[in-house]
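Structure, as structure tokens:
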Amino acid sequence: MDKWPVKYSFARSLNLPRRLWVCTNSAADALYQHPVFIGHAKAVVQMLDLAINMLGPDMDPVTVTLTVKDLGARHTVYGVLAPHYEIVG
146 MDKWPVKYSF ARSLNLPRRL WVCTNSAADA LYQHPVFIGH AKAVVQMLDL
196 AINMLGPDMD PVTVTLTVKD LGARHTVYGV LAPHYEIVG
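Residue numbering for the sequence shown follows my numbering, beginning at 146 and increasing consecutively.
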């Protein structure tokens, strides 16, 4: 996956660092280049792609539900709270 879609589609359009924390422009720019942030951004984009590809006339609602519940359960362990989901969308 190219860095351009991750940096601009994910980080810039959602403006996550500034919405989650009070960040200066230089701090946010450093965050956008951090390998952990880039890795997480790629994972979010891949999960969204997977979820979108599951939708359609031949969608298996059980698979979609189990996948999303599993993802939510993993994020609970990481300390993610309900307000964090509103930021990502």
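Beta carbons are placed, not taken as given, at the ideal position from N, Cα and C, and that holds for glycine. Bear in mind that the values here come from a model prediction, so they are computed numbers and not experimental data.
Check: For the stretch 209-216 and the stretch 181-197, state whether three or more C-beta atom pairs, one from each stretch, are separated by less than 8 Å.; Outcome: yes
Check: Quick one: give me the first and last residue of the alpha helix (DSSP H) that Met-199 is part of.; Outcome: 180-199
Check: I'd like the span of the alpha helix (DSSP H) that includes Asp-215, first residue to last.; Outcome: 206-222
Check: From Thr-124 to Pro-228, what does the alpha carbon distance come to, in whole angstroms?; Outcome: Look at the range of the chain in this structure, 146 to 234, and you will see that residue 124 is not part of it.
Check: According to the neighbour-count rule (16 or more other Cβ atoms, all chains shown, within 10 Å of its Cβ), is Tyr-230 buried or exposed?; Outcome: exposed
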